[in-house]
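Enquirer: Protein chains in written order, with my numbering: chain A, 11 to 873; chain B, 3 to 451.
Ideal Cβ positions, reconstructed from N, Cα and C, are used throughout, including at glycine.
Sharing a structure here in structure tokens format.
Below, the structure written as structure tokens:
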């Protein structure tokens, strides 16, 4: 274990931080010295000094002076590199930590180009409206400085204007005759999003040099109206994509198609913009940028920015029942950690894994810490589904220090301006290395000391990370995956693209055969081919039917009927049945509501305020049917060599140290099959459990009758050969428990390898498997397939798939090895929530059976 | 599954009810392109040539002695002058160089706007020697759009005034988008534009029965029937129009388009007729009004145009009509009071407030949502009047107490918070009045000694 050395820190805040960290580090496990430690890792990330580079020689003098006026006499190395690439017309993606001056990487070249050629236009995309508002203020300041600096020594004082559209109409400016010499031209900077008043839109279209928007607005408000934006598209030189890492999975797949449409429209107007992207640390920023835009990119991955000292602690809640492997609730542990910092008057952000956990933690903290009597709420919750006003109020409270702690989902992971907090506590591993660093980065800025604490839950993934700190601290982060050619998504955007501009008979769009897609759309009356082109022949506005956050745009709204009717939140369609079924407890900012009625067809859940001491957890039944096998790999020798090769590749890519292989018994030649392909998934919420707050006791349950949800998606699956099953020294029930336990652990490792959210992949074992809470629903019976040759499916939890299955197929060997490490490395006796699932949900031999299965599967490869 | 089957399963998921086809099923046997000459023959049009190619034009002439409903075509002529500026004070004066009023109405492939919404039929109309001339431009294929847009541009080029129905919001933006789409100059950009819809809403939104039924009430087809007694026979429903056009594109059969062209022509003639009717209303004033509701609407139009005397006359006319709906009368009396007060005729205004309070609820058997706030307003206005003008503090107190009652009645309503603020102000007024009364009594007392 890493020695717990905490260097001396100084200053009031630093002393408080040191005290709090000291107390945490000294936390003793109840079992004495030999018990497994509570703090499993303490790292000090030293302060880093800045490294600078001069401004490029070609920089516009007015911009250089404006930056100098802001105290920027030279650039950080990464800023200078980005500037240089942009000046030379190369697409560039920069990966830099939080607060490293990444905005200058794009603002400098864009403003430089506008100053040199006043017709230049730029489009900035941020994943959320709030981020665009933040950047508007930043740009506004810069533009103002340019105007002031240029005005020095000039008789004519040009006015700069840059403001949010909501601030009113842009001032009428006379462009002519200003765009030359040393006088700065007016530079129009505007946000253009759903909040922009319609009377301001026309003016913005004409006057904005820089349009700050988001993918949703580009998709439904700008591209479909491109003729009105002719001036922008004719002169578009830069497309800036900030927070690139946010565009993975479904959202990324949509954005990729939106950018295909954008580039199509640009070609129509004769422009060819370059892309400047910035991303948090992920393994494949260049690949992601290239996948999203279809262009080659230059990568800048070394930051020249300075960084304050940071302490990083890993906390594992103590084991309270060694036999069952039950640890103290990680939420209680996170509460203890957070209170330690709060008591030392340190401002903190507490990240929770789910909306539910956010609400529970908010309740816990509010119960325990009230702040000064009469003061406003010092503890706030924050998550998607809150209405915008409430969110802005919380952000303000954080900046001005009124709010001492905010409990948030990943909604605050992105660069929303909430000021520099002192501590970031993560209740549960955020799921990816990238997100963990991102969340840790919400505490501390360039010069201040800060701390980040990761509290592990008993989820296998968390336990793997917390027990193997080097996996986190020493390996590179994950890959961001997208699948722009998901047919559901592609089809939607082909419609949008056809609405925007007619397709020609030799056009292409994405990897699939466009002409075939158009023919199918013609069958349905959406398009019509005549005179060598496909025209949109439908009354609808196709962009309206697409939701970029999901594969379908459906959602449920939550209506509070306690006192009149009031909409208090929303939930996407797929998670609706599991969270809004009748009698479900719906929690928003600590307030509890019970669902009285779910109007499934009307997509509304009617809730009433209640006072109770439990929450609910749904039980979902899932069945997978194979439709089409894209690739399969069977046979001992083939599997062995094939898997080996992939394995080497993947290990190298992910830089995961490979464990020493176990000695293998001699096994007959047989078939271990890994496959991936298209599947049909039927899932249904069949019941729910009532779980008591704090103790997590199961205090009741109920049955539900909700409509099935069906989808076609892609899946990876493992087929366990019958001889492996037959060789297990257990009865049918225990064998099945072994498979279920194995599947439970595999899913968690898959999530780790894929950099995805828990919700992104689904798990099923054929023959029937209760996915969220194995076996408590009690459907009984051992399906035949399970006893003979079971399949373990890990499928993309989105219609059409979002590209996880093939990588998983390729990482098959690695997946099995990591799963073995997880199970055999777990200190529990016979299964726990951290490896094969809690005993009680699986049988007493689940852990042993799963280990044996894995041992035999892995042995095949070396046989 | 092959790509096409997978696509089909997404576009048309299994289990989805077979929906009624709103288009000709695509048999794949459609024509590669449509023969414009044949379409011209079928629809009775002609081809015009310009730099961008060929465009199909259909012309019809409505002679001046023909009738549109009860109106002679010749009487539908709209003169570009002061009358229009009474209806729309924001309309600039004619510059005098050109004098050509053009009526415009589009049929489009959708209502959403955007690059994928195409004006497949551009209908233009103008008066020529008392007759109404209609020229329609029909898009026979998307590839011929530039030629059509160029031909339309030629037609509207000499226009000094554009008249439309909802054209500011829809027709002109759609045309501009089309021209911009093809990077062509926009001839309508600086043309003066009178949008009849806005005036129609002001004049006729409040129906004689007091209801405000904007959806159907101010539709052009409703107004032509109510105002001009026009009845359409075999008219195509608006929602069916894009479908017919898409079917034409697939089959090349232009016959189903004939009713669409006719629909568009009637819209143009009715637009002229309704505009002419509105002009006569503002020119003749209150005498021409059919009923109190129209007089009330006309009064609002006059008021907006700054023609206060005529506005007051209209409101008085509506207020005096005992036959009309209580909401219409209440609003008319309220506006009479406002006008009088603005003219500093305070006693007459106070009389109007009293008249408002005398109106009885429920004559038409339903509770009027409008009356309660107007009554409150009147009570408050009377309280103010008695306190500050008549200096009758007892009277003012009386009204203030009445106002408090009215507030209490509102307490249970959804916007209770707003009323609480008002009630607070009222209590404040009451306290002040009581002080004034006390002071007055004191001075009487002292005066007595």
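#1: How about the stretch 226 to 239 of chain B and the stretch 44 to 60 of chain B: do they share at least three Cβ pairs that are nearer than 8 Å?
#2: Would you give the residue range spanned by the alpha helix (DSSP H) that residue 276 of chain A belongs to?
#3: Under three-state DSSP, which class holds residue 158 of chain B?
#4: Taking the alpha carbon of residue 223 of chain A as the reference point, which residue from A:217, A:232, A:216 has its own alpha carbon closest?
#5: Measuring alpha carbon to alpha carbon, tell me which residue in A:249, A:598, A:107 is nearest residue 580 of chain A.
#6: Along the stretch 82 to 115 of chain B, where does the CB come closer than 8 Å to a CB of chain A? Name the residues.
#7: Taking just the CA atoms, how far does residue 196 of chain A sit from residue 121 of chain A?
#8: Using three-state DSSP, classify residue 126 of chain B as helix, strand or coil.
#9: Check distances from the C-beta atoms of the stretch 289 to 315 of chain B to those of chain A and list, in chain order, the residues that come in under 9 Å.
#10: Taking 8 Å as the threshold (beta carbon to beta carbon), is residue 12 of chain B in contact with chain A?
#11: Who are the Cβ neighbours of residue 266 of chain B in its own chain at under 7 Å, not counting the five residues just before and after it?
#12: In its own chain, which residues sit with a C-beta less than 7 Å from the C-beta of residue 58 of chain A, not counting the 5 before and 5 after it?
#13: Along chain A, which residues have their Cβ under 9 Å away from the Cβ of residue 352 of chain B?
#14: May I ask which residues mark the beginning and end of the alpha helix (DSSP H) holding residue 589 of chain A?
#15: Can you tell me the Cβ-Cβ gap for residue 68 of chain A and residue 284 of chain A, rounded? I've got them flagged as a contact below 8 Å.
#16: What does the Cβ neighbour count give for residue 414 of chain A, buried or exposed, with the cut at 16 atoms within 10 Å?
#17: Is it buried or exposed, residue 243 of chain A, if we count other Cβ atoms within 10 angstroms and call 16 or more buried?
#18: Quick check on residue 72 of chain B: buried or exposed, where buried means 16 or more other Cβ atoms within 10 Å of its Cβ?
#19: Compile a chain-ordered list of the residues in the stretch 536 to 549 of chain A whose CB is closer than 9 Å to at least one CB of chain B.
#20: Spell out whether any CB of chain B is found under 8 Å from the CB atom of residue 613 of chain A.
#21: Check the Cβ of residue 527 of chain A against every Cβ in chain B and list those closer than 7 Å, keeping chain order.
#22: Would you please verify whether the beta carbon of residue 144 of chain B is less than 8 Å from any beta carbon of chain A?
#23: Give me, in chain order, the residues of the same chain whose beta-carbon lies closer than 6 Å to that of residue 521 of chain A; leave out the 5 immediate sequence neighbours on both sides.
#24: For residue 595 of chain A, name the three-state secondary structure that DSSP assigns.
#25: Figure out for me which residue from A:402, A:246, A:771, A:867 has the closest Cα to the Cα of residue 818 of chain A.
#26: Assign residue 230 of chain A to one of two classes, buried (16 or more other C-beta atoms within 10 Å of its C-beta) or exposed (fewer than that).
#27: Determine which residues of the stretch 50 to 77 of chain B have a Cβ less than 9 Å from any Cβ of chain A, and write them out in chain order.
#28: What did DSSP end up calling residue 99 of chain A once you bin it into helix, strand or coil?
#29: Does the Cβ-Cβ distance between residue 254 of chain B and residue 149 of chain B come in under 8 Å?
#30: Do you know offhand how far residue 313 of chain A's Cα is from residue 295 of chain A's?
#31: When burial is assigned at 16 or more other CB atoms within 10 Å of the CB, is residue 427 of chain B buried or exposed?
#32: Which first and last residues belong to the alpha helix (DSSP H) in which residue 304 of chain B is found?
#33: Could you tell me how far apart the beta carbons of residue 97 of chain A and residue 491 of chain A are, in whole angstroms, since I believe they sit closer than 8 Å?
#34: With a threshold of 6 Å on Cβ separation, who are the neighbours of residue 502 of chain A within its own chain once the five nearest residues in sequence on each side are excluded?
#35: Distance check for residue 232 of chain B and residue 58 of chain B, CA to CA, integer angstroms please.
#36: Looking at C-alpha atoms only, which residue of B:131, B:134, B:87, B:41 is the closest neighbour of residue 140 of chain B?
Expert: To lay it out plainly:
#1: no
#2: 259 to 279
#3: DSSP places residue 158 of chain B in helix when its eight states are reduced to three.
#4: For the residues A:217, A:232, A:216, the minimum Cα distance to residue 223 of chain A belongs to A:232.
#5: A:598
#6: 111, 112, 113, 114, 115
#7: 11 Å
#8: strand
#9: none
#10: yes
#11: 107, 109, 123, 125, 138
#12: 316, 317
#13: Residues of chain A passing the Cβ test: none, with the nearest at roughly 39 Å.
#14: Annotation: the continuous alpha helix (DSSP H) that includes residue 589 of chain A extends over 586 to 590.
#15: With a Cβ gap of about 16 Å, residue 68 of chain A and residue 284 of chain A do not count as contacting.
#16: Classification for residue 414 of chain A: buried.
#17: buried
#18: exposed
#19: 536, 538, 539, 540, 541, 542, 543, 545, 546, 547, 548, 549
#20: no
#21: 9
#22: yes
#23: Here the set comprises 495.
#24: strand
#25: Of the candidates A:402, A:246, A:771, A:867, the one whose C-alpha sits nearest the C-alpha of residue 818 of chain A is A:771.
#26: It is buried - the Cβ of residue 230 of chain A has at least 16 other Cβ atoms within 10 Å.
#27: Answer in chain order: no residues at all.
#28: coil
#29: no
#30: 14 Å
#31: Residue 427 of chain B is exposed by the Cβ-count criterion.
#32: In the DSSP assignment, residue 304 of chain B falls within the alpha helix (DSSP H) that extends over 294 to 306.
#33: About 32 Å; that fails the 8 Å criterion.
#34: 556
#35: 29 Å
#36: B:41
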